[in-house]
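Q: For the protein sequence lines, the chains are H and W, in the order given. Going by this note's numbering, the first sequence opens with residue 1, and the numbers climb by one from there. Going by this note's numbering, the second sequence opens with residue 127, and the numbers climb by one from there. Backbone N, C-alpha and C fix where the C-beta goes; we use that ideal spot for every residue, glycine too. Sending over a structure as structure tokens; questions will come in a sec.
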Amino acid sequence: MNDYFEEIGAWPGESRIARSYAIGFAFSLVATIAAYALTLTHALPPRALIAAIFALAGAQILAQLAYFLHLGSASGARMRTIALIVTFGIVSILVAGSLWIMATLNSRMMPSQNQMIDYMQNESGL
Amino acid sequence: MNDQSLQLTVETRAKDITTVFGFWAYLMTDFVLFASLFATFAVLRTDTAATAHLFNLRFTLLETVILLSSSFTCGLALLAAHGSSRTGVLRALAATALLGAAFVGLEVSEFAKLVAAGSAPAASGFLSAYFTLVGTHGLHVAIGIVWMLALTTAIALRGLSRSNMRKLLLLSLFWHFLDIVWICIFTIVYLMPFV
Numbered sequence: 001m002n003d004y005f006e007e008i009g010a011w012p013g014e015s016r017i018a019r020s021y022a023i024g025f026a027f028s029l030v031a032t033i034a035a036y037a038l039t040l041t042h043a044l045p046p047r048a049l050i051a052a053i054f055a056l057a058g059a060q061i062l063a064q065l066a067y068f069l070h071l072g073s074a075s076g077a078r079m080r081t082i083a084l085i086v087t088f089g090i091v092s093i094l095v096a097g098s099l100w101i102m103a104t105l106n107s108r109m110m111p112s113q114n115q116m117i118d119y120m121q122n123e124s125g126l
Numbered sequence: 127m128n129d130q131s132l133q134l135t136v137e138t139r140a141k142d143i144t145t146v147f148g149f150w151a152y153l154m155t156d157f158v159l160f161a162s163l164f165a166t167f168a169v170l171r172t173d174t175a176a177t178a179h180l181f182n183l184r185f186t187l188l189e190t191v192i193l194l195s196s197s198f199t200c201g202l203a204l205l206a207a208h209g210s211s212r213t214g215v216l217r218a219l220a221a222t223a224l225l226g227a228a229f230v231g232l233e234v235s236e237f238a239k240l241v242a243a244g245s246a247p248a249a250s251g252f253l254s255a256y257f258t259l260v261g262t263h264g265l266h267v268a269i270g271i272v273w274m275l276a277l278t279t280a281i282a283l284r285g286l287s288r289s290n291m292r293k294l295l296l297l298s299l300f301w302h303f304l305d306i307v308w309i310c311i312f313t314i315v316y317l318m319p320f321v
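Here it is, written out as structure tokens:
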């Protein structure tokens, strides 16, 4: 027996660590099988099904962050949790921004020479 | 009863805490890397439903359960280390490495099948993005297995020293992180086309 992981804040504020891994594993297994089962059986209409599998994925991620990686607000884990949240903010801008740019890219391109001539001859204004 | 040899001084404790956070900072950059690969994949997949014919959900479910189980056995390795059981750690790491190798093996066979059927990475923008995203994750898992073998050897030879305990912890952060990335992959890449 040793306290190394507790001493360096890897297992902050938890007294029953074995339960933590068991709960995380069980929850993840259920969420995984549920997502695959719902999709394979088409149990829900498309929009609801997408929402369901994303919700299950989100829940499983949070469960693994809590029960496998021991993230949270306990003092040993706090900095790692904050770092994750900040990175998630950066990632959100990166992903949402990329999708937005790529979807609107064509409309933001300068017209070709022919398009400009055509426009000037047939249209007025901007 | 506590393992006296792992008593930390103020300096070594602070150093190890800093090292763990530094490795976590690296994992955050990996998070950004995978996010950019996901964004690229999302842009290049113009017809989600049309990609369904490439994949087999039961096969992906098998891969998923294997990787999830390996994440659990990795936790068992930390629990064994907490109990100062060298054999327990070695057994759990061996199980984790075997499951990880099974995952990589299955993924490589899936890639080979796609290439043989003409769906090579260069065949389309979507396939380039698919192989890059899933391949990068698989490469991370493979490197993790190499690391695991090296650490297993170190623990077998030198036991659960402070240094090996720290390395075991870092490896477990890496391994759990990869399972979390896989959750995003199987949901977005594999499940969505079948909705």
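(1) What's the call for Q64 (chain H), buried or exposed, on a 16-neighbour Cβ count within 10 Å?
(2) In this structure, does DSSP put D3 (chain H) in helix, strand or coil?
(3) Do you know whose CA, among W:E236, W:R288, W:A203, lies nearest L183 (chain W)'s CA?
(4) Alpha carbon to alpha carbon, what distance is there between T278 (chain W) and L163 (chain W)?
(5) Would you tell me roughly how many angstroms separate the C-alpha atoms of I306 (chain W) and T135 (chain W), rounded to the nearest one?
(6) Straight-line CA distance for F54 (chain H) to A218 (chain W)?
(7) Helix, strand or coil for I8 (chain H), going by three-state DSSP, please let me know.
(8) Rounded to whole angstroms, what is the Cα-Cα separation between L265 (chain W) and T199 (chain W)?
(9) Among H:A18, H:I101, H:L49, H:F68, which residue has its Cα nearest to the Cα of P319 (chain W)?
(10) Return the residue from the list W:I143, W:E137, W:T138 that minimises the CA-CA distance to P12 (chain H).
(11) Using only CA atoms, which one of W:A203, W:I271, W:L170, W:T145 lies nearest to F257 (chain W)?
(12) Is there a C-beta anywhere in chain W that falls below 8 Å from the one on T87 (chain H)?
(13) Report yes or no: is there a C-beta of chain W within less than 8 Å of the C-beta of T41 (chain H)?
(14) Could you name the residues of chain W that S98 (chain H) contacts, counting a contact when the two beta carbons are closer than 7 Å?
(15) One question on the structure: do T222 (chain W) and W301 (chain W) come within less than 8 Å of each other, judged by their Cβ atoms?
(16) Determine the extent of the alpha helix (DSSP H) in which A315 (chain W) is found, giving its start and end residues.
(17) Taking 8 Å as the CB-CB limit, is D109 (chain W) close to chain H?
(18) Note down, one range per segment and in chain order, each alpha helix (DSSP H) of at least 4 residues found wholly within the region 9-94 of chain H.
A: Checking against the coordinates, here is how it stands:
(1) Numbered from 1 along the first sequence, position 64 holds the residue referred to as residue 64 (chain H). Counting C-beta atoms within 10 angstroms of its own C-beta, Q64 (chain H) has 16 or more neighbours from the protein chains shown and is therefore classed as buried.
(2) The count along the first sequence starts at 1 and reaches residue 3 (chain H) at position 3. Coil.
(3) Along the second sequence, one-based indexing puts residue 183 (chain W) at 57. Looking only at W:E236, W:R288, W:A203, the smallest Cα-Cα distance to L183 (chain W) is reached by W:E236.
(4) Along the second sequence, one-based indexing puts residue 163 (chain W) at 37. Along the second sequence, one-based indexing puts residue 278 (chain W) at 152. One C-alpha to the other measures close to 32 Å.
(5) Taking the first residue of the second sequence as position 1, residue 306 (chain W) is located at position 180. Taking the first residue of the second sequence as position 1, residue 135 (chain W) is located at position 9. Using only the alpha carbons, I get a separation of about 34 Å.
(6) As a working note, residue 54 (chain H) is residue 54 in the first sequence. As a working note, residue 218 (chain W) is residue 92 in the second sequence. Between F54 (chain H) and A218 (chain W), the C-alpha separation is close to 31 Å.
(7) Here residue 8 (chain H) is taken as the residue at index 8 of the first sequence, counted from 1. Coil at I8 (chain H), not helix or strand.
(8) Along the second sequence, one-based indexing puts residue 265 (chain W) at 139. Along the second sequence, one-based indexing puts residue 199 (chain W) at 73. Spanning the two alpha carbons is a distance of roughly 20 Å.
(9) Taking the second sequence and counting its residues from 1, the one referred to as residue 319 (chain W) is at position 193. It is H:L49 whose Cα lies nearest to the Cα of P319 (chain W).
(10) Here residue 12 (chain H) corresponds to residue number 12 of the first sequence, with the count starting at 1. Closest by alpha carbon: W:I143.
(11) Here residue 257 (chain W) is taken as the residue at index 131 of the second sequence, counted from 1. Minimum Cα distance to F257 (chain W) is reached at W:L170.
(12) Translated into the one-based positions of the first sequence, residue 87 (chain H) becomes position 87. Answer yes: the Cβ-Cβ gap between T87 (chain H) and chain W drops below 8 Å somewhere.
(13) As a position in the first sequence, residue 41 (chain H) is number 41, starting the count at 1. Chain W contact via Cβ: absent.
(14) For the purposes of this step, residue 98 (chain H) is taken as residue 98 along the first sequence, with counting starting at 1. Residues of chain W passing the Cβ test: A165, V169.
(15) Reading the second sequence from its first residue, position 96 is the one you call residue 222 (chain W). Reading the second sequence from its first residue, position 175 is the one you call residue 301 (chain W). Cβ atoms of T222 (chain W) and W301 (chain W): closer than 8 Å.
(16) If you number the second sequence from 1, residue 315 (chain W) lands on position 189. Here residue 315 (chain W) is Val; the residue named in the question, Ala, does not match the sequence. First-last for V315 (chain W): undefined, no H or E at that position.
(17) Nothing in the structure corresponds to residue 109 (chain W), since chain W is present only between 127 and 321.
(18) 17-41, 46-67
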